[in-house]
Structure formats: structure tokens, C-alpha cells
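Let me begin by presenting the structure, written as C-alpha cells, before commenting on it.
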Amino acid sequence: MNNSLIFTVIDLIGKRKTENLIEKGFFNKSTELNEKEILECIERYKEIDSDFKVPSLDKIKAAMENSEQILLKSGELGIKCTSIFNDNFPDKLKNIKDKSILIFYKGNLNCLYEDKSIAIIGTRTPTERGKKIGEALGEYYAKEGFIVVSGLASGCDTYGHRGCLNIKGQTIATLPCGLDKYYPPENCDLGDEIVENEGCLISEYKIGTNPSKIRFIQRDRLQAALSLGVVVVECAIECGTMHTVKFAQKYNKKLAVSLHDEVNLDIETIKGNLYLLENSDAIGLSNIEDYKKYKDILINNISI
């Protein structure tokens, strides 16, 4: 199945129903369909989902043309696309229950195949200590040969990426929008630097797609899926970082949180760290020795 076809179907009926069509065998790797054959497949799907509204042939034609144009424009921007049916689609994103079926990427897709990967995440408003910790974590694990995964967001994400890049490491950024516009805009230079240093930017969304609450949550899922472990630098009890934490727990990833001095324990963006230490099996990290122990745990999990 080519990327244009699967993109067309997603555009017509949405990701979840497209995934159902794939799982039930309506489409397969070798499928090459014209608009009438796409319509026939979707009509057969209606037999198992009576409430489903079948698009018209004209809508299918328009969606196919739109898909081709978007893929063409993406290519002009250096953005490539791969689907779950392509050999280069990362196993990490298709071996989870809520799998990806299509991703857009800019940069070195090989980063997504590496076993040694770690997510470094946290609040957009870290303390000065949190900034230093995020950068130190990025540097340490990059030196140890890990791909650093984060979300290009302001704050902890930025410092995790930056620490990795300080030593010319490879880092992956998952975005909640199309790759034609980086989010947040102030991290455009950081995004370009990630690509220049053999890292990768990825998104499940076509060019022209703006960020939204659900898209932030879905990109957080990608961070957890792509990583052996997830490290929380700083976070509040109720914040976006906790979405990634929940996905990490769902995928049985090893969770770690940065430990902070007692003098800082009343700071809102650290209360999430304390909560996770008390209410999960998260590992506390406070020094290089802790970083090493956590690294060894992650590496041991590769062979399990």
C-alpha cells in the first residue's frame, strides 16, 4: 500500500476507522487501489459498522488529489512520510495497542530504530535547577549512546534536547502539529539543529495541521513508545507531562524522576515528582551514580 492511499483513507474516515479497516484485512501491504476500489472497501466496512457514513466517489477522488498534493508539498519542505505497511516504519510505533499507522518525519529516521533511547520531559516552566538537570541528563545519556526523545516544547524538553546536542548527540522531537511549522515557534532553530545533527522530527499530522489538546496527548504517547525509559525532570501533579507518564506505565517503560532538595518541595512544578515517587515505582535520580544505575536498568531491559 502506498502512502498516498492510506493517507487518502485517513482523510476520508479518520485514523481509528482506518486502523479498523487494516486490522480486519480490508487493506494490506500489496494493496494498490483506485477510487472505485477504495469505495468498495469502505462499503464492505459498513457491513460491520452500520452507523458508518460512506463517502461519495467524488469525495474519494478529491481526497486522493488532496493527499497527493500534500505529499508533494511535504517533499518540497524536506518532509517525508511512511506508513505501517512500509518496511522502514518503526517497530516501536506499530507494536503498541494504539499504534501509529502513518508518520511524517524530517531528518534521520534511523534514530527511531535504535534500542537505546530515553525520553527526558517535564514542565515548560522549570526552576533554574530544573534547567540544569534537564541539560545534564541530555548530555549524560547522549554520551552513553542513547537517543534522547522529547517534545521540542519550551522548558525541560528544550534543555533535554540541548544537552544532547551539546555533545553532538542524536535526539528525536515528537510534534503535535504538521512539520511545516515547528511548535513552539521560538524553537525553530532548535528543530533545525536537531535535523542537522542526524536527529529526527516526527509527527502523525500532515502539513498545515495546528496543535490541539488531543494532539499534544497523542504526541506524548509517541515519546513513551519510542523510549526504553522516561525521565521526569520537573512537573506539577496535574500537567501535560503526566500524559507521557501514563503512557509509559501503559507500555511498561521504566519511569524515573529527578530528586530535589527539601527547600524546593513547595514549588508547584516539583510536586508531581514527589507524587510519582510516592505513588508509582518511579526511580529517583539525584546524581551521576543514580544516572548510571538507571542506565544499566534500561540496557538490561533490551535483552529481556
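The sequence shown lines up with residues 46 to 349 when you count with this note's numbering.
Ideal placement from N, C-alpha and C gives every residue a C-beta, glycine not left out.
Taking the Cβ atom as the reference point for each residue, do residue i and residue j lie within a distance shorter than 8 Å?
| i | j | result |
| --- | --- | --- |
| G179 | G208 | yes |
| K125 | Y150 | yes |
| K298 | A327 | no |
| P221 | R260 | yes |
| I146 | T127 | no |
| T168 | C201 | yes |
| L57 | P100 | yes |
| Y320 | I262 | no |
| K226 | Y204 | no |
| I165 | V193 | yes |
| S20 | L210 | Residue 20 is absent from the model: the chain starts at 46 and stops at 349. |
| E80 | L102 | yes |
| T314 | T170 | yes |
| T53 | S95 | no |
| I129 | K142 | no |
| S257 | E279 | no |
| I105 | L84 | yes |
| A301 | Y339 | yes |
| F97 | C86 | no |
Keeping to the same chain, check which residues put their C-beta closer than 7 Å to that of residue i; ignore five residues upstream and five downstream.
| i | result |
| --- | --- |
| A218 | S195, G196, L197, H206, G236, I239 and L246 |
| C284 | T168 and G317 |
| G353 | No information on residue 353 is available, as it lies outside the stretch 46 to 349 that the chain covers here. |
| I312 | T172 |
| L322 | V302 and G329 |
| G253 | G223 and D225 |
| Y296 | I141, A269 and A270 |
Name the one or two DSSP bridge partners that residue i has.
| i | result |
| --- | --- |
| F149 | C126 and S248 |
| G329 | V302 |
| T314 | The partner list for T314 (beta bridge, DSSP) is empty, contrary to what the question assumes. |
| V276 | I165 and A301 |
| V193 | I163 and T216 |
Exposed or buried, what is residue i when buried is set at 16 or more other beta-carbons lying within 10 Å of its beta-carbon?
| i | result |
| --- | --- |
| L330 | buried |
| L122 | exposed |
| Y158 | exposed |
| G317 | buried |
| D136 | exposed |
| Q114 | exposed |
| R266 | buried |
| N73 | exposed |
| N332 | exposed |
| R264 | buried |
| S162 | buried |
| N133 | exposed |
| N232 | buried |
Spatial neighbours of residue i within its chain, please: C-beta separation below 8 Å, excluding the five flanking residues on both sides.
| i | result |
| --- | --- |
| Y336 | L182, Y185, Y186 and L330 |
| K69 | Y90 and I93 |
| D341 | none |
| N309 | T172, R174 and I315 |
| K188 | I212 and G214 |
What does a CB cutoff of less than 6 Å around residue i pick up in its chain, not counting 5 residues either side in sequence?
| i | result |
| --- | --- |
| R174 | none |
| D160 | I347 |
> For the 8 Å Cβ check, are there 3 or more pairs between the segment 271-281 and the segment 330-346?
Replying inline: yes
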